[in-house]
Amino acid sequence: MASEKTENALNSDSIGSDDTNLNELTSLIQGVLQQTQDRFQHMSDQVIRRIDEMTKRIDDLEKNITDVMTQIQTE
């Protein structure tokens, strides 16, 4: 009977320990996923910013080409 109580106590301790380990693992994984999401968002923002800059430069280049073509035609 005493050994059963000891075994039950050990089992409940290991269950509590397992819950703690599971909670710690869950927190760790959530932290890693959040960091990954933050990094991805940062990179995505950089790509979008660079695309916007490139679009503006292309628009400026097209305008300059149009201006040069117009100037050549008038001469």
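In UniProt numbering, the protein residues as written are 1 to 75. Think of the CB as a built atom: it goes at the ideal place given N, C-alpha and C, for glycine as much as any other residue. Treat the numbers as computed from the prediction; the structure is a model and nothing was measured.
Residue i versus residue j: straight-line alpha-carbon distance, rounded
i     : j     : result
Arg39 : Glu62 : 35 Å
Val47 : Thr55 : 12 Å
Asp60 : Ile51 : 14 Å
Met43 : Ile72 : 43 Å
Thr74 : Asn64 : 15 Å
Ser27 : Asp45 : 27 Å
Leu25 : Arg57 : 48 Å
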